[in-house]
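Residue numbers (UniProt numbering), protein chains in the order written: chain A, 1 to 348; chain B, 1 to 348; chain C, 1 to 348; chain D, 1 to 348. Beneath this line is the structure, given in structure tokens, with notes to follow.
Number of protein chains: 4
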Amino acid sequence: MQVSSGQTWTVGVTGATGYAGGEVCRLLAGHPHLRLAGVHANTSAGRRLGELQPHLTPYADMVVQPSDAASLAGYDVVVLALPHGESAAIAAQLPDDVLVIDCGADHRLNDPAAWARWYGGEHAGHWPYGLPELPGQREQLATARRIAVPGCYPTSVTLAMAPALDHRLVTPDIVVVAASGTSGAGKSAKTHLLGSEVMGSASAYGVGGVHRHTPEMVQNLSQAAGTNVTVSFTPTLVPMSRGILATCSAPLAPGVDAATARAAYAAAYDDEPFVHLLPEGQWPTTAAVLGANTVQLQLAVDPDAGRLVVVAAVDNLTKGTAGAALQCANLALGLPETTGLPLVGVAP
Amino acid sequence: MQVSSGQTWTVGVTGATGYAGGEVCRLLAGHPHLRLAGVHANTSAGRRLGELQPHLTPYADMVVQPSDAASLAGYDVVVLALPHGESAAIAAQLPDDVLVIDCGADHRLNDPAAWARWYGGEHAGHWPYGLPELPGQREQLATARRIAVPGCYPTSVTLAMAPALDHRLVTPDIVVVAASGTSGAGKSAKTHLLGSEVMGSASAYGVGGVHRHTPEMVQNLSQAAGTNVTVSFTPTLVPMSRGILATCSAPLAPGVDAATARAAYAAAYDDEPFVHLLPEGQWPTTAAVLGANTVQLQLAVDPDAGRLVVVAAVDNLTKGTAGAALQCANLALGLPETTGLPLVGVAP
Amino acid sequence: MQVSSGQTWTVGVTGATGYAGGEVCRLLAGHPHLRLAGVHANTSAGRRLGELQPHLTPYADMVVQPSDAASLAGYDVVVLALPHGESAAIAAQLPDDVLVIDCGADHRLNDPAAWARWYGGEHAGHWPYGLPELPGQREQLATARRIAVPGCYPTSVTLAMAPALDHRLVTPDIVVVAASGTSGAGKSAKTHLLGSEVMGSASAYGVGGVHRHTPEMVQNLSQAAGTNVTVSFTPTLVPMSRGILATCSAPLAPGVDAATARAAYAAAYDDEPFVHLLPEGQWPTTAAVLGANTVQLQLAVDPDAGRLVVVAAVDNLTKGTAGAALQCANLALGLPETTGLPLVGVAP
Amino acid sequence: MQVSSGQTWTVGVTGATGYAGGEVCRLLAGHPHLRLAGVHANTSAGRRLGELQPHLTPYADMVVQPSDAASLAGYDVVVLALPHGESAAIAAQLPDDVLVIDCGADHRLNDPAAWARWYGGEHAGHWPYGLPELPGQREQLATARRIAVPGCYPTSVTLAMAPALDHRLVTPDIVVVAASGTSGAGKSAKTHLLGSEVMGSASAYGVGGVHRHTPEMVQNLSQAAGTNVTVSFTPTLVPMSRGILATCSAPLAPGVDAATARAAYAAAYDDEPFVHLLPEGQWPTTAAVLGANTVQLQLAVDPDAGRLVVVAAVDNLTKGTAGAALQCANLALGLPETTGLPLVGVAP
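What follows is the structure, given as structure tokens:
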């Protein structure tokens with residue numbers, strides 16, 4: 001399929017007043033073939049978008065519309081940036097040929113039992129998983145009309161550890177500690193997320209394997225490993241708005257050295273447009289990927305501790321959510337995968 | 001002049017390893033007609049750009065070249081992001097038909113005496129001033145081949161107060177206090193700019209009318225007023241990387257009320273693509289313009305104190321420097337002025 | 001009066017779960033003669049203080065009690081850190097010999113008409129004003145049993161400009177732009193105070209003379225000037241938890257030069273334990289006074305603009321609120337004024 | 001030994017112009033029996049301390065003296081806050097009865113081979129290790145006249161994992177990822193530590209077991225375990241000035257559950273004045289211990305991953321360095337261990 005230079009698809013975004021939805025709108029402003037045609041939200045219907053998202057200057061005068069299937073009808077593409085549990089009902093009422101991209105959790109897990117354990121209630125079913133960098137995934141996404149965008153933590157952790165498991169560099173017991181900016185916690189006003197609380201402070205939460213992104217990591221990494229993996233995942237909150245720095249490690253398999261490990265990662269990612277294995281000696285920083293659809297990776301072998309350590313930096317709102325959504329839309333619409341997606345971080 | 005969709009100009013950037021030069025490169029990555037063809041710097045020649053500017057992923061493998069006129073020959077456009085005092089000598093050796101854009105101070109001041117007082121030494125002469133929003137300036141820039149980009153503080157302060165002076169809303173005694181992010185102080189390692197020093201701290205510097213951007217503000221605002229103005233300017237450093245929030249005020253002229261003032265600003269800026277007078281009740285935030293070539297403005301009349309107060313937010317590196325450089329390049333090359341320039345801030 | 005080394009007074013703090021009340025508790029932990037005997041709050045009664053104020057480790061197991069006069073009976077000293085409008089009713093029910101210190105606004109303004117204009121409703125009457133550095137104020141506070149602690153902005157601005165007005169260094173038209181940390185906005189969860197919103201962003205609010213601290217500044221500075229002053233006050237929010245940096249200026253009176261100005265400030269503050277006029281060339285930073293009851297001041301004369309510029313740094317929660325409360329308590333209880341109050345900032 | 005209320009010891013601090021030395025001075029300002037009698041530094045001799053450490057207001061007029069043994073003679077206590085490799089020569093020239101406390105690394109490692117591998121050169125010998133919370137350590141410190149203060153990372157990690165190893169809750173393969181504020185990297189001006197670089201960014205460094213604090217952790221935890229342990233340690237830099245959040249985990253030993261684990265930690269720390277095992281459900285934050293000599297700990301058992309996870313928060317400059325130095329001084333001088341040490345964090 002050939003896309004003509006003037007062709008555009010209309011996009012409706014719901015949850016547009018939140019952080020993930022706002023980021024979808026921001027990226028659409030730079031996309032040559034996708035046009036933001038409507039903004040929707042559960043609350044705030046009737047207000048100017050500019051009041052709620054003052055950075056979205058070109059869209060300031062758009063009026064927020066309700067977030068129901070009727071209001072969302074008529075777009076070529078619908079992006080759902082809603083709390084989990086709200087996507088399935090809307091998607092079911094949209095025509096099959098509308099491209100629906102869910103930034104929420106509803107359709108990420110394959111296993112209904114996992115859904116029931118971690119989220120509760122009945123599973124809405126799983127959709128093609130929007131991480132094109134996984135083997136075979138691009139092909140699936142090219143024909144999909146329903147796509148589940150990965151969680152921000154799983155994106156970073158999966159990209160960091162899948163090659164190690166795929167190439168049997170490590171045994172399948174993964175330990176992850178990830179530092180996240182506060183936007184990952186959303187835009188609801190909560191005391192512990194106030195600026196006064198988070199500036200100058202690092203804190204842990206969801207410790208002990210209870211964070212809901214854990215089963216998604218386990219699912220992805222078990223597929224990569226071809227066996228069940230365990231993931232000990234500890235998220236921490238650090239004083240920045242955006243960004244995830246995931247430090248991942250696992251016991252080295254016998255005979256694996258730094259060169260072997262590096263070669264496996266190079267093989268996995270050298271052709272990937274959005275995943276950058278840094279030159280030796282350079283370590284990822286979240287600032288370098290801020291606002292970009294880019295992942296920075298680096299790895300080290302620790303012979304004393306007998307572990308492979310891989311560090312990944314992503315912007316939780318861009319490659320971690322909204323950028324992935326548009327990357328998948330590009331694939332599903334037959335556009336070059338990188339169309340309209342920033343590769344350069346906003347630094348310093 | 002009509003620009004065909006495939007036409008490109010090559011751009012060489014010197015000072016590309018610093019903050020202003022890095023931002024020029026970042027913006028070039030999103031520009032459809034300008035292509036970053038070479039990166040240069042006073043030091044670091046021979047190193048990979050990726051080591052020094054890890055956010056410039058697509059340019060990571062470019063090798064830094066020396067910053068002299070010979071090395072800078074052959075580009076269609078040369079952007080100089082150098083310390084003041086270094087531009088004139090290089091520009092003099094570049095052909096007249098090369099578009100040279102100076103992000104430094106050398107060619108901003110019209111008055112050699114002002115140059116001598118504030119910078120010392122002989123004045124290199126002034127170039128067309130790169131603030132297209134000033135009356136008559138666009139026309140001048142359209143034919144220019146040498147352009148002096150304004151300082152970041154003068155950009156915010158001039159846009160904030162020129163309409164008030166032009167419309168005689170105030171008497172010409174301006175008081176400005178501006179909060180700036182730390183990137184305005186550059187990338188040289190200095191103790192007082194360490195993260196440990198600046199996080200959690202606000203501080204004043206250059207107090208009492210001694211900051212070198214003062215004469216540039218006086219020059220611009222005197223032109224707008226048609227008379228000599230005074231500017232009391234106090235810059236402060238606040239804990240963020242980017243952004244300027246300039247709070248400007250002056251005594252109200254007799255009979256001026258809020259409606260009059262608002263009408264004058266609307267008249268000045270309603271057709272400007274990059275200057276946004278916010279709706280009443282909404283105040284500028286630097287986050288809303290982060291990474292964007294946008295200025296947010298708001299004003300208030302204080303009848304008790306008898307003053308007009310205008311607040312402007314800009315990103316010092318984007319509209320305050322690199323974005324302005326490309327905006328001017330667009331004009332000088334016959335491109336639509338907004339080509340390739342982000343209007344949306346990177347928030348949250 | 002002589003205080004024996006073992007003498008202690010019991011203190012009850014209401015609003016102890018908020019930022020101001022929490023800071024009172026923090027400072028009490030270092031005070032040799034004041035003992036935190038009870039913590040109270042409008043909400044949260046029955047909860048462990050440690051859940052709500054995790055930094056108050058030694059008091060973690062204290063249980064929050066209700067905030068009413070009956071619950072607050074029996075303490076030697078009661079500190080009210082409540083929203084405005086709530087102090088008067090409680091204070092009226094406490095015995096006259098209990099030392100009651102109000103960190104809120106209820107009893108700061110002398111003029112009932114000013115109260116009605118700025119806060120609305122009936123004025124509760126004014127109490128001795130807790131800024132001992134003002135002429136004659138110490139004597140009044142020594143015998144007071146009801147004390148109104150100044151607002152954080154007025155503390156910084158009054159100390160910055162009172163000597164200039166008192167010594168007729170300037171004409172009485174003051175312009176103030178103050179950068180404040182977010183804790184000044186309190187601990188209520190509001191979207192615009194989320195960490196994601198405030199980190200990386202400076203913003204203005206309450207522009208145009210509408211901030212409620214304005215009449216308190218006018219009152220204090222008019223007293224210092226012996227005439228009515230005007231104050232153009234613009235507060236701004238910058239990305240830090242604590243601290244105010246107030247940049248204040250006014251037109252120089254004829255014949256005033258830097259030496260005259262400096263001498264006036266030295267005369268005013270050389271004997272003050274908490275106000276530090278910095279050596280020439282050194283400018284205040286809020287980090288240097290973080291957590292301390294110290295004010296840093298510096299001044300400059302701008303002959304071009306014809307203005308005196310004075311910059312003050314205070315910690316809004318310490319010298320701006322809770323430290324001032326204990327400084328006043330020391331005076332009222334016959335203790336040395338500096339007892340138990342930190343002079344050293346927590347930096348870096 | 002009984003200390004009379006008026007007894008004081010004089011203290012000389014070298015490295016007083018750096019972050020660790022400055023923190024020693026700050027804490028001395030609140031100590032009733034230790035008096036800062038002289039400040040010394042390798043460079044800056046002859047300058048006012050106030051220029052270099054503007055937060056140390058009461059000491060602003062002290063003049064910095066040279067950092068050599070002759071200049072440091074005559075104090076009762078000498079605190080060395082110098083780069084590693086500089087302490088031994090000075091200490092050797094000070095009389096044996098002077099209490100010398102080294103905040104640097106020179107005397108922490110027991111094994112000369114470990115010193116040679118990690119620091120290079122000849123080992124200066126080890127001194128009693130200044131972590132009183134380790135079994136038997138208090139007794140040793142009570143009679144010591146030479147004390148090696150632990151590194152900031154080892155303090156947090158040792159306190160976090162020693163009980164688990166001592167009680168055989170885990171097998172001895174520890175994984176640590178620690179988020180640190182930038183003050184741990186010192187006050188030397190380096191580009192990657194500029195505010196512009198660190199604000200808004202998280203980054204990893206010293207990955208793969210190469211950080212010099214690793215052998216100190218291995219030493220401490222091997223002692224606690226009674227066997228050799230491995231430690232995979234990854235330090236990360238996050239945008240705050242102070243604080244370490246260490247997330248530590250290890251494989252659960254058979255039969256260990258949450259209650260067993262909690263009981264072991266309660267037994268280890270219930271009587272410790274500076275180590276606080278938080279109530280269940282509350283997680284450490286570095287803000288809660290900012291400026292305090294307090295450690296906050298919490299733990300969780302992850303049955304899916306089969307790991308015990310322990311999170312510790314300390315202020316790297318206080319309990320991580322200068323507070324530990326004074327805690328040890330208290331012990332060595334026969335003072336109550338908590339004398340003059342803040343327990344309350346400076347929050348928000």
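Ideal Cβ positions, reconstructed from N, Cα and C, are used throughout, including at glycine.
Contact list for residue i against chain A, beta-carbon separation under 9 angstroms
| i | result |
| --- | --- |
| Q282/B | G50, E51 and P54 |
Minimum Cβ-Cβ distance from residue i to chain A less than 9 angstroms
| i | result |
| --- | --- |
| G334/B | no |
| W193/C | Note that residue 193/C is Leu in the sequence shown, not Trp. Yes, contact with chain A. |
| M161/C | no |
| S241/C | yes |
Cβ of residue i within 9 angstroms of any chain D Cβ
| i | result |
| --- | --- |
| P112/C | no |
Listed by chain order, chain B residues near residue i by CB distance under 7 angstroms
| i | result |
| --- | --- |
| G291/A | G291 and V346 |
| R307/C | S232 |
Within chain C, the residues that residue i reaches when beta carbons sit closer than 7 angstroms
| i | result |
| --- | --- |
| T158/D | Going along chain C, no residue has its Cβ under 7 angstroms from T158/D, so there is no contact; the nearest lies around 20 angstroms. |
| D302/B | G208, G209 and S232 |
Cβ pair residue i, residue j closer than 9 angstroms
| i | j | result |
| --- | --- | --- |
| W283/D | V170/A | no |
| T10/C | V39/C | no |
| G151/C | R108/C | yes |
| R48/C | A60/C | yes |
| G200/A | T286/D | yes |
| V344/C | C248/C | no |
| A202/C | A179/C | yes |
CB contact check: residue i to chain B, cutoff 9 angstroms
| i | result |
| --- | --- |
| R26/A | yes |
| G151/D | no |
| P83/D | no |
| Y265/A | no |
| G340/D | no |
| M62/D | no |
| V311/C | yes |
Chain-ordered neighbours of residue i on chain C, where CB pairs are closer than 9 angstroms
| i | result |
| --- | --- |
| V207/A | None at all; the shortest Cβ gap to chain C is about 16 angstroms. |
| G200/D | M199 and G200 |
Contact with chain C by residue i, beta-carbon distance below 9 angstroms
| i | result |
| --- | --- |
| E23/A | no |
| K319/A | no |
| S196/A | yes |
| Q327/D | no |
Partners in chain A for residue i, counting only beta-carbon separations shorter than 7 angstroms
| i | result |
| --- | --- |
| A287/B | H55 |
Closer than 8 angstroms at the beta carbon, the chain B residues around residue i
| i | result |
| --- | --- |
| A29/A | P342, L343 and V344 |
Contact list for residue i against chain A, beta-carbon separation under 8 angstroms
| i | result |
| --- | --- |
| S183/C | S196 |
One or two residues paired with residue i in a DSSP bridge
| i | result |
| --- | --- |
| V210/D | In DSSP, V210/D forms no bridge with anything. |
How do the stretch 53-71 of chain C and the stretch 21-35 of chain C stand: do at least 3 beta-carbon pairs fall below 8 angstroms, yes or no?
yes
For the pair the stretch 202-216 of chain C and the stretch 231-248 of chain C, tell me if three or more CB-CB distances fall below 8 angstroms.
yes
With contact counted as at least three CB pairs below 8 angstroms, one residue from each stretch, are the stretch 162-180 of chain C and the stretch 104-123 of chain C in contact?
no
Okay, do the stretch 190-205 of chain A and the stretch 175-187 of chain C touch, 3+ Cβ pairs below 8 angstroms being the bar?
yes
At least 3 beta-carbon pairs within less than 8 angstroms: the stretch 332-341 of chain C vs the stretch 299-310 of chain C:
no
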